[in-house]
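First residue of the sequence shown? That's 176 in my numbering, and the numbers climb one at a time after it.
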Amino acid sequence: MRKILAKDLKLKFVETLNEIESFSYKDGNPFLIQIHEKEFFVFLKNISSAYFKKSPDITRVQLPFSEHFNEIFKAKIPFIILGYDVENDSMVSWNPGKIKDRLNAKNNVSLYSRHSLQSNFEKNKFNSGFLKNGEKIIIFSRTKLEQFFKILPELFEFNNYENNNKKNEVNESKLKLNPGKIVEVTDFKLLNTINPVIENNRVLEAVELCMKYYENEFKEMTFKDWFKIVNNLYKKSKFDK
């Protein structure tokens, strides 16, 4: 896949929004912007192939370990990752409510997309896609950047970052009240193990892998509970084909 220089990518982003009176931005990448009286941290990245021989459609952006993320960790400001596909002039965004937890988790954190979604989308709409781990991505034309920032909470179903934090706090409290159960798998190591199994329609085997992986935790989970979680992942994986 073709790429453009980082400075040219930011220039293209700025030029798209520059006629908006309320728009301002700072130097660097990631960088802080203000638009329609709201602030966002934005990180622009070229989308590239993930170089998976058996899955050539998979694309990604990579987030390197960086000290610049320290400011972002502390701020109650949404952090928006925007991947750019120069060939299709399309952009991909991932859920900002889940991004911060993954920053600096390792030397390079990958966020995945699909070339087929980036190239075949309705240019006058915001298009949703679902990856095999159930993660939602939004694909849209670069020309719709202003509208993207306006309706971002609706696209990923959160009101604002502070409210999203409060929601997370409530969810954490519920988990503490019932520490013996979970409702979804979020452990990336386990997901990387069971996703290929699920892809090959071996749902029961994936259930057994989950039960073994968490055999010393979540002891209130029944086979039926695990089957429900894995079956949801199986259903979501069908959106990715």
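Ideal Cβ placement from N, Cα and C applies to all residues, glycine included. Quick caveat: nothing in here was measured; it's all calculated off a predicted structure.
Setting aside the 5 residues that flank it on each side, Ile247 is surrounded in the same chain by Pro205, Phe216, Phe254, Lys275, Leu278, each with a C-beta closer than 8 Å to its C-beta; the list follows chain order.
Where Leu320 is concerned, there is no enclosing beta strand (DSSP E), although the alpha helix (DSSP H) around it starts and stops at 320-331. The three-state secondary structure of Asp264, taken from DSSP, is coil. Between Met176 and Asn221, the gap from beta carbon to beta carbon is short of 9 Å. Looking only at Ile252, Leu238, Asn376, the smallest Cα-Cα distance to Asn406 is reached by Asn376. Distance check between Thr234 and each of Asp362, Glu190, Ile373, Ser294 places Ser294 closest, using alpha-carbon atoms only. With a 10 Å radius around the Cβ and a threshold of 16 neighbouring Cβ atoms, Pro239 comes out exposed. Judged by DSSP in its simplified three-state form, Gly304 adopts strand. Annotated as proximal: Phe323 and Ser268, with beta-carbon spacing under 9 Å.
Here Ile256 carries a strand assignment [DSSP, helix/strand/coil].
Sixteen is the threshold: since fewer than 16 other Cβ atoms of the shown chains lie within 10 Å of the Cβ of Leu180, the residue is exposed. DSSP places Glu214 within a strand segment (E or B) once states are collapsed to three.
Between the C-alpha atoms of Phe227 and Glu196 there is a straight-line separation of about 43 Å. Non-local beta-carbon contacts of Leu366 in its own chain, meaning distances under 7 Å to residues more than five positions away in sequence, involve Asn308, Val360 in chain order. Here the alpha carbon of Lys399 sits roughly 48 Å from the alpha carbon of His211.
Under the DSSP definition of a beta bridge, Asn193 lacks any partner. For the set Glu214, Ser241, Ser265, Pro231, the Cα lying nearest the Cα of Lys187 is the one of Ser265.
Distance from the CA atom of Ile404 to the CA atom of Lys356, rounded to whole angstroms, is 11 Å.
Distance from the CA atom of Glu321 to the CA atom of Glu332, rounded to whole angstroms, is 18 Å.
Take the alpha-carbon of Ser230 and the one of Phe363: they are about 19 Å apart.
The DSSP assignment places complete alpha helix (DSSP H) segments of no fewer than 4 residues inside the stretch 359-387 at 363-374, in order along the chain.
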